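Working notes, structure below.
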Amino acid sequence: MSERIPQHRYTAELAGQIERRWQERWEAEDTFASANPAGPWASPDDPRLADGRDHRVVMDMFPYPSGAGMHVGHPLGYVSTDVYARYLRTAGTNVMYAMGFDAFGLPAEHYAVQTGQHPRVTTEAAMATYRRQMRMIGLSHEPRRTFATIDPDYVRWTQWIFQRIYDAWYDPDAPPREGSGQAGPGRARPISDLVGQFSAGERPTPDGRPWAELSRVERARVLDGYRLAYVSAAPVNWCPGLGTVLANEEVTADGKSERGDFPVFKRNLSQWMMRITAYADRLTDDLDRLDWPERVRLMQRNWIGRSTGAEVDFPVATVAGDAAQIEVFTTRPDTVFGATFMVVAPEHPVVDQIVPDAWPEGTQEAWKGTGEARATPREAVQAYQREAATKSDVERQKETVEGSAKSGVFTGAYATNPVTGAPVPVFVADYVLMGYGTGAIMAVPGQDQRDWDFATAFGLPVVRTVQPTPDHPEDQAFTGEGVAINSANDQVSLDGLGVAEAKERIIAWLEQTGRGRSTVTYRLRDWLFSRQRYWGEPFPVVWDEDGVAHPVPDDQLPVTLPDVPDYTPRTFDPQDAASEPEAPLARAEEWVETTMDLGDGRGPVPVRRETNTMPNWAGSCWYYLRYLDPDNTRVPVDPAVEEYWIGPRRETVPGAPEGAVDPGGVDLYVGGVEHAVLHLLYARFWHKVLFDLGHVTSEEPFRRLINQGMIEAYVYRDERGFPVPAAEVEEHPSADGGAPAYTWNGAPVTQEQGKMGKSLKNVVTPDDMVDQYGADTFRVYEMSMGPLEQYRPWETRAVVGSQRFLQRLWRNVVDEDTGAVTVVDEELTPELSKALHRTIDAVGTDYAALRTNTAIARMIELNNLLTKLDAVPRAAVEPLVQMVGPVAPHLAAELWERLGHEDLTYTPFPQADPAQLVEDAVTAVVQVKGKVRDRLEVPADIAEADLEALALGSEKVQRFIDGAPVRKVIVRAPSLVNIVV
RNA sequence: GCCCCCGUAGCCCAAUCGGCAGAGGCAGCCCACUUAAAAUGGGUUCAGUGCGGGUUCGAGUCCCGCCGGGGGCACCA
């Protein structure tokens, strides 16, 4: 059987030999090393650094290495960036292309729990598998730049950056750094600047005492209120099932953990936070300067949720008789004349101050609540508060969103509408959330459906203050645009104004009279930064005997994880809301209790180490910076190196606003859309802090982002609905050309498309594909399946098409029987020459635009032309081999060498001759009333009038005109004429 | 409920500015090579662009309304 196959055919075996040979050679020769302008590996004489030469940083989101290794879906983005990087090298660009590992995290910890092995052991093993697979498919990463987030050297700098964040505060009045594209003031500054302001008396202390009179502990408390990394005892997301607290971004809309899908409860716990809210404006504004998919920018904008409006003060009398105010936030201050009642969140502190001992005269029964306790306002309100406290946010929402019935209780107090002077009843209701705005609203049933529902349920009055459209239903709030009505008092009138003008006028009046102010709120909350896990970066922080936090001095970093016998996390019954987090590190007592010289003149003192660890996101917040300068022992990245690679560019990205300043950042970042608001938001935040503090020159980490699609696979299910092994399913074409039928073991099965996974029995690995077809074929197939962004199903059956292409290319150069090179040194025919140059032109454009699928189609086309020739001219096949280089690098390198050349990696991409791209003659289409009726061969530079005359002279055309008067002739020389009769 | 993306041959996908619906691949069918099959090579069939309107000389492309698939947000004041 196999002896029939020609000895030198490009089979999987031969491909494998070629691939291994080139992989070894590339590694031995450091082929992919980039040229460095500065830092430990500086090579200033490298020609790639010459003036005018471009540079690009190309990278993928680094993987979290799972024990199972990669399936064929994982390398899609990697192969794309590799093709792009390889193309750029041939285009004369200095390319930085590296890959590391995101190696802290829960799965390794879970796996370690099951197997009893240390997470480091299993993680290292998984990384070895990934490295082998990435090398096997020919990725041209620069080996010397690789690292994992668990490497002590990397942890050291992650902790170092934490210290800088801890040692900084956000000064909203500070001018931005020179040259930044920031619109308004605001910048992080070292905490020492703040201490300077306090001690100089420029900034008052909270209680007004001079700074010098504050104790050590008091000063620390004051500063903690400003730091960008701080400990707070706020309500946090506690997940007993995982045994840790979680960031808002890690909790799904229905109150479950994103990982594991466990219930999450709000608990008041003391935790590390990052003051990301200080950057809310810049994180929103700077999205405009990035070349990112619109939907990702939209998701970030939604997550940050900037909303402009006004705060309005509603006077209220406390039970003690004092004049107080309830401050509300509204985006519709123009509707304040229609505010007929108020609602405050059950947790709102004002409630205790205003609830009277007895119901006011004439209080409606329905306002007193539904429970037993309704004799006095105090009892009713407390009962309602208790009930609300036992419910999670999600439960609160469920009852009311789905049922649309709103619960609530009258507080017994009345406030005063500041524009009408009318008394308005104050309710507590859980549809108002303490965590958003001021935790209190003015209710305007006329213009807000939620308020309308509440007003209807409690028999409250409705005043429309915006004229609804004529067809608007009588029984609904009107939330649209319209002119203001019923909106005037003695001093100000909004009547007749549109919404925007009305807002402006009423805010001006409120500010003038001290009743309110224009304001901005955000949905974004500070980032909860500590986790009760073992497998993460330890905080470089110790606590002294007074409970004051101290950073571990830089020269003592990294703080490494203690080796403990019991590193498993304490998890609980997922429903056990009352459980307490228990950090695994707290059990390493010898590590926790230590002494340290804190540098404050006291000498070594007893301290307790912080026992929480950083979240998995910490390591991925800055790894792209470390690629730039991985061996630097002085700083995370040399500023000159950073500026060269990712500093702001002179030109802005496409679509950036007029006059914008380029933010810099990685030139191409490819990864899944699932990180749209987690990793990508956190990394942007850290980067901006580093920018403010002067450690980097770029304002953004990732200048251009592409979300690669997912490779899915067919899932076949038997009649019971269970998946059957996809590889064993047989296809049976239908007789009439319709959809085919599928069977497994003779029994019919159904086909659907789904994720690739063990449980669906449809996993295909790169290892299988490289064995069966070779790495180059695998790469070509992945790239020819469609555009990078698209989701598409894997079909192993179709891979053979890519193999045939490479086999034909091989055969166009090498004799399958003898192995001899068969190309001839003949002139190209004019037709072939034109085809070649058109292909060069198109393929170069496609590669540069990451349209690898169409580039491959063009190369197949040219290759098929060559296949038909008796002898293949060298001048045609050599450029083709060069063009194939980015997608099938091993095969191209081999053929290039056999054709008598050196390594292809830096050989300049072929140039298309512009003269060969112009056509002498083209086919002009002649349409009559939009239908094609004739085709004419005409010179490419034909004049419109000549083409028109030629078209009208056509016999076929005249037949279709059929003597009717010609009304109009549209000429698009040289390709089209449309005659309208 | 609101917002975003996508629907082109049996399948994966092409189609600059609105200008001949088809570049490439898979599958199918036919032929060559073969004792035969596989592999390989050559040839070839197949859709009028999810549906309904509109704009236009001309619509896969632009606009409106549906249908189907995917995703995001959701008492956010």
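Those letters in the first sequence? Residues 216 to 1196, by the working numbering. Every residue gets a Cβ at the ideal spot worked out from N, C-alpha and C, and that includes glycine. Nothing here was measured: the structure is a model prediction, and the numbers come from that model.
| Query | Result |
| --- | --- |
| Going by alpha carbons, who is nearest to V1172 out of A1188, P1189 and D1149? | D1149 |
| Excluding the 5 residues preceding and the 5 following V570 in the sequence, name in chain order all residues of the same chain whose CB lies nearer than 8 Å to its CB. | V534, P592, R593, V596, T626, G627 and A628 |
| Quick check on DSSP: helix, strand or coil for Q771? | helix |
| Going straight from the alpha carbon of A798 to that of L739, what length do you get? | 27 Å |
| Indicate the three-state DSSP secondary structure (helix, strand or coil) for V616 in the structure shown. | Per-residue confidence for V616 stands at a pLDDT of 46, beneath the threshold of 50, marking its modelled position as unreliable; no derived number is given. |
| Taking 8 Å as the threshold, find out whether the segment 759 to 769 comes into contact with the segment 838 to 855 through three or more Cβ pairs. | no |
| Determine the direct distance from the alpha carbon of M971 to that of Q1005, and round the result to whole angstroms. | 16 Å |
| Counting only the same chain and skipping the five closest in sequence on each side, list residues whose C-beta sits under 8 Å from that of E805. | P777 |
| From E915 to D422, what distance separates their C-alpha atoms? | 38 Å |
| How is the alpha helix (DSSP H) around M488 delimited, first residue to last? | That residue, M488, is in no alpha helix (DSSP H); its beta strand (DSSP E) goes Q486 to M489. |
| Going straight from the alpha carbon of G618 to that of E464, what length do you get? | Summary for G618: the model assigns pLDDT 45, below 50, so the residue's position carries little reliability; its value from the coordinates is reported in the next sentence. Cα-Cα distance, rounded: 27 Å. |
| In chain order, what are the residue ranges of uninterrupted alpha helix (DSSP H) at least 4 long that sit wholly in the segment 1138 to 1191? | 1159 to 1168 and 1170 to 1176 |
| Using the Cα positions of Y996 and F1124, report the straight-line distance between them to the nearest angstrom. | 22 Å |
| Using 8 Å as the Cβ pair cut-off and three pairs as the minimum, do the segment 576 to 591 and the segment 698 to 717 touch? | no |
| From this set, V565, R589 and V559, which residue's C-alpha is nearest A167's C-alpha? | No answer is possible for residue 167: the residues shown for the chain start at 216 and end at 1196. |
| Is the separation between the beta-carbon of V273 and that of A300 shorter than 8 Å? | yes |
| Ignore the nearest five residues each way along the sequence and tell me which others in C454's own chain have a CB closer than 6 Å to its CB. | L461, S472, F477 and V479 |
| Identify the residues that DSSP records as bridge partners of E542: which are they? | D528 |
| Pairs of beta-carbons, one from the segment 304 to 313 and one from the segment 1106 to 1125, closer than 8 Å: are there three or more? | yes |
| Rounded to whole angstroms, how far is the Cβ of L1230 from the Cβ of T1044, which I believe are closer than 8 Å? | Any answer about residue 1230 is impossible in this case: the structure gives the chain only from 216 up to 1196. |
| How many whole angstroms separate the CB atoms of M514 and A891, which I take to be in contact at a CB cut-off of 8 Å? | 4 Å |
| Report the three-state DSSP secondary structure of K481 (helix, strand or coil). | strand |
| By Cβ distance below 6 Å, which residues in the same chain neighbour K718 in space, the five residues on each side in sequence not counted? | P548 and D549 |
| Within this structure, are the beta carbons of A383 and I406 separated by less than 8 Å? | yes |
| I want to know whether the segment 660 to 667 touches the segment 675 to 688 - three or more CB-CB distances under 8 Å. | yes |
| If distances are taken between C-alpha atoms only, which option among V911, P1180, G650 and T783 comes closest to P450? | G650 |
| Check whether the segment 985 to 992 and the segment 900 to 909 are in contact - that is, three or more C-beta pairs closer than 8 Å. | no |
| Nearest by alpha-carbon distance to S485: which of E825, F1175 and R1019 is it? | E825 |
| With distances taken from CA atoms, which of A637, V639 and A560 is nearest E602? | A560 |
| Go ahead and label T615 buried or exposed: buried means 16 or more other beta carbons lie within 10 angstroms of its beta carbon, across all protein chains shown. | With a pLDDT of 48 at T615, under the threshold of 50, the predicted position of this residue should be treated as unreliable, though the coordinate-derived value follows. So T615 counts as buried. |
| Below 8 Å CB to CB, which residues in the same chain sit around T296 once its five sequence neighbours on both sides are set aside? | V273, M274, D275, Y312, L883 and V885 |
| In angstroms with no decimal places, state the Cα-to-Cα distance between N517 and T467. | 15 Å |
| With a threshold of 6 Å on Cβ separation, who are the neighbours of M489 within its own chain once the five nearest residues in sequence on each side are excluded? | A444, W742 and F744 |
| Comparing C-alpha positions only, which one of I541, H902, V446 and Y279 sits nearest to A658? | I541 |
| Where H325 and E967 are concerned, what is the direct C-alpha to C-alpha distance, given to the nearest angstrom? | 32 Å |
| Hey, out of L264, D1128, I921 and Y494, whose CA is closest to Y859's CA? | L264 |
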